[in-house]
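Participant:
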Amino acid sequence: MLHHKKAVIFDLDGSLVDSMWVWQEIDLEFLGARGIALPDDYQKEIEGMSFTETACYSIERFHLSETVEELKQIWTEMARDKYQHEVFLKPGAEEFLLHCKAQNIPMGIATSNSRELVNTLMKAQGLDRYISLVVTSCDVNRGKPAPDVYLEAARQLKTLPKDCLVFEDVPAGILAGKRAGMAVCAVEDAFSSEYRQEKQRLADFYIHDYREAIPS
Numbered sequence: 009m010l011h012h013k014k015a016v017i018f019d020l021d022g023s024l025v026d027s028m029w030v031w032q033e034i035d036l037e038f039l040g041a042r043g044i045a046l047p048d049d050y051q052k053e054i055e056g057m058s059f060t061e062t063a064c065y066s067i068e069r070f071h072l073s074e075t076v077e078e079l080k081q082i083w084t085e086m087a088r089d090k091y092q093h094e095v096f097l098k099p100g101a102e103e104f105l106l107h108c109k110a111q112n113i114p115m116g117i118a119t120s121n122s123r124e125l126v127n128t129l130m131k132a133q134g135l136d137r138y139i140s141l142v143v144t145s146c147d148v149n150r151g152k153p154a155p156d157v158y159l160e161a162a163r164q165l166k167t168l169p170k171d172c173l174v175f176e177d178v179p180a181g182i183l184a185g186k187r188a189g190m191a192v193c194a195v196e197d198a199f200s201s202e203y204r205q206e207k208q209r210l211a212d213f214y215i216h217d218y219r220e221a222i223p224s
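Heads up: the sequence shown begins at 9 in this note's numbering, then just goes up one per residue.
#1: Give the range of the alpha helix (DSSP H) segment to which TYR138 is assigned.
#2: Taking C-alpha atoms, which residue in LYS13, ILE182, ILE215 and PHE96 lies nearest to GLU196?
#3: By the three-class DSSP mapping on this structure, what secondary structure does GLU196 have?
#4: Counting along the chain, where does the beta strand (DSSP E) carrying GLU176 start and finish?
#5: Let me know the secondary structure DSSP gives LEU26 once reduced to three states.
#6: Give the DSSP bridge partners of ILE215, in chain order.
#7: Looking at CYS146 and PHE38, is the spacing between their C-beta atoms short of 8 Å?
#8: Please confirm whether ASN112 and THR144 have their CB atoms less than 8 Å apart.
#9: What residue from TYR158, PRO114, VAL95 and GLU103 has the CA that sits closest to GLY22's CA?
#10: In chain order, which continuous runs of the alpha helix (DSSP H) of length 4 or greater are located wholly inside the stretch 15–102?
#11: Restricting to Cα atoms, I'd like to know which of TRP31, TYR158, CYS172 and ALA188 is closest to GLU85.
#12: Could you check what DSSP says for ILE113 in three-state terms: helix, strand or coil?
#13: For the stretch 49–66 and the stretch 101–109, state whether three or more C-beta atom pairs, one from each stretch, are separated by less than 8 Å.
#14: In whole angstroms, give me the CA-to-CA distance for LEU24 and GLU220.
#15: Within the same chain, show all residues whose beta-carbon is closer than 7 Å to that of LEU20, passing over the 5 residues directly before and after it, in chain order.
#16: Looking only at DSSP bridge pairs, what is ALA118 linked to?
#17: Go through its chain and collect everything with a Cβ distance to PRO169's Cβ below 7 Å, but skip five positions before and after it.
#18: Taking the beta carbon of SER200 as the centre, do at least 16 other beta carbons fall within 10 Å, making it buried, or is it exposed?
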């Protein structure tokens with residue numbers, strides 16, 4: 009899948025790192041403290057949204073009193089310690105990062121998460137050794153499944169979209185990569201297991217472990 013590819017772009021949560029459990033805990037805690045049950049469709053509804061879009065959606069859906077910026081800061085504070093101490097790379101990811109670095113393939117992150125949490129994780133996991141840029145969906149006009157964040161990442165990497173390989177864990181993200189004109193590899197993740205068949209149908213490749221993406 010790396011054949012003829014000149015750049016690799018990772019989604020973060022559920023794709024490069026095992027972190028979706030963090031947001032389920034936060035959703036349950038945050039809404040529970042306000043006497044609101046976590047709706048079954050909430051995660052699917054916000055899939056791919058930027059941090060800002062998710063805050064706007066949540067305020068409207070749950071009639072919250074916080075402003076968008078207040079809500080984003082609350083979530084960031086709830087997640088920061090977990091991203092620093094409890095979130096780790098997906099299986100085989102470090103070996104794949106090392107391979108790409110050895111091959112001089114530039115790598116970036118294109119995420120719906122907040123830049124503050126990405127920076128916390130980058131420092132905790134030493135990802136600065138491999139990742140040369142981070143683009144968040146708040147940096148562009150539209151979150152996933154629109155292609156904006158991937159197109160911006162390719163632009164900053166000075167690489168044509170057709171020469172990029174994307175790693176994604178959810179259908180909205182896979183669609184974003186495909187709509188950007190990129191090859192997309194879907195990544196196995198427990199929190200999107202119910203969409204496994206849809207992910208396999210939408211993506212060009214599918215892996216359970218990043219070692220599967222390293223040429224033999």
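Cβ coordinates follow ideal geometry from the N, Cα and C atoms, glycine included.
Facilitator: Taking the geometry as given:
#1: Segment: none, TYR138 is in no alpha helix (DSSP H) and carries neither H nor E.
#2: ILE215
#3: coil
#4: 172–176
#5: Inspection of the sequence shows that residue 26 is occupied by Asp rather than by Leu. ASP26: strand per DSSP, three-state reduction.
#6: In the DSSP output, where bridge partners are listed per residue, ILE215 has VAL195.
#7: no
#8: no
#9: VAL95
#10: 28–40, 50–54, 59–70 and 76–93
#11: TRP31
#12: Assigned with DSSP and collapsed to three states, ILE113 falls in coil, not helix or strand.
#13: Three or more beta-carbon pairs separated by less than 8 Å are not found between the stretch 49–66 and the stretch 101–109, which leaves the two stretches without contact.
#14: 14 Å
#15: ILE117, THR119, ASN121 and VAL126
#16: VAL143
#17: LEU159, ALA162, ALA188, GLY189 and MET190
#18: buried
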